[in-house]
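S.K.: If you read the sequence shown in our numbering, its first letter stands for residue 15, the second for the next number, and so on.
Please see the structure below; I have some questions.
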Amino acid sequence: MPEICPRCGLPKELCVCEEIAKEEQKIKIYVTKRRFGKLMTIIEGFDASVIDLKELAKKLKDICACGGTVKDNTIELQGDHRKKVAEILVKMGFSKDSIEIR
Numbered sequence: 015m016p017e018i019c020p021r022c023g024l025p026k027e028l029c030v031c032e033e034i035a036k037e038e039q040k041i042k043i044y045v046t047k048r049r050f051g052k053l054m055t056i057i058e059g060f061d062a063s064v065i066d067l068k069e070l071a072k073k074l075k076d077i078c079a080c081g082g083t084v085k086d087n088t089i090e091l092q093g094d095h096r097k098k099v100a101e102i103l104v105k106m107g108f109s110k111d112s113i114e115i116r
């Protein structure tokens, strides 16, 4: 007997909750300076109850070839990766209109 998703009522294999949540996110991508003049790309605006931030951060770090972490429902990547991260998020299914780059 397959497990049933409590949100959409479909079996876990057919669950569409994450795809729907990707369309509804308002994502902000910006760069800040940290200690010793190092740049950090900050990605915020995710709903952590629906999207697995640790898994998403791991994929972004692998593709961007950089270090990073997840803190307070934001993803922090070492270096300036604004344009690359926006392209990756669109390929992963996030709406291009919901991504704001500063």
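Note that CB positions come from ideal geometry on N, CA and C, so glycine has one too.
1) Tell me which residues share the same chain as residue 88 and place their Cβ nearer than 7 Å to its Cβ, disregarding the 5 neighbours each side in the sequence.
2) Run through DSSP, which three-state label would residue 82 get?
3) Where DSSP assigns a beta bridge to residue 91, which residues make up the other side?
4) Using a Cβ-Cβ distance cut-off of 7 Å, determine whether residue 83 contacts chain C.
5) Quick check: residue 43 and residue 104, are their CB atoms within less than 7 Å of each other?
6) Would residue 82 pass as a contact of residue 69 if the rule is Cβ separation under 7 Å?
M.R.: Once the coordinates are examined:
1) What you label residue 88 is simply residue 74 of the sequence shown in a count that begins at 1. Excluding five sequence positions before and after residue 88, the CB atoms of its chain that fall closer than 7 Å to its own CB belong to 56, 57, 58, given in chain order.
2) Position 68 of the sequence shown, counted from the first residue, corresponds to residue 82. Strand, per DSSP.
3) Here residue 91 corresponds to residue number 77 of the sequence shown, with the count starting at 1. Beta-bridge partners assigned by DSSP to residue 91: 55, 82.
4) Chain labels in this structure do not include chain C; a single protein chain is all it has.
5) Residue mapping note: residue 43 aligns to position 29 of the sequence shown, counting from 1. Residue mapping note: residue 104 aligns to position 90 of the sequence shown, counting from 1. Their beta carbons are not under 7 Å apart, which means residue 43 does not touch residue 104 by this criterion.
6) Taking the first residue of the sequence shown as 1, we reach residue 82 at position 68. Taking the first residue of the sequence shown as 1, we reach residue 69 at position 55. Going by C-beta atoms, residue 82 is not nearer than 7 Å to residue 69.
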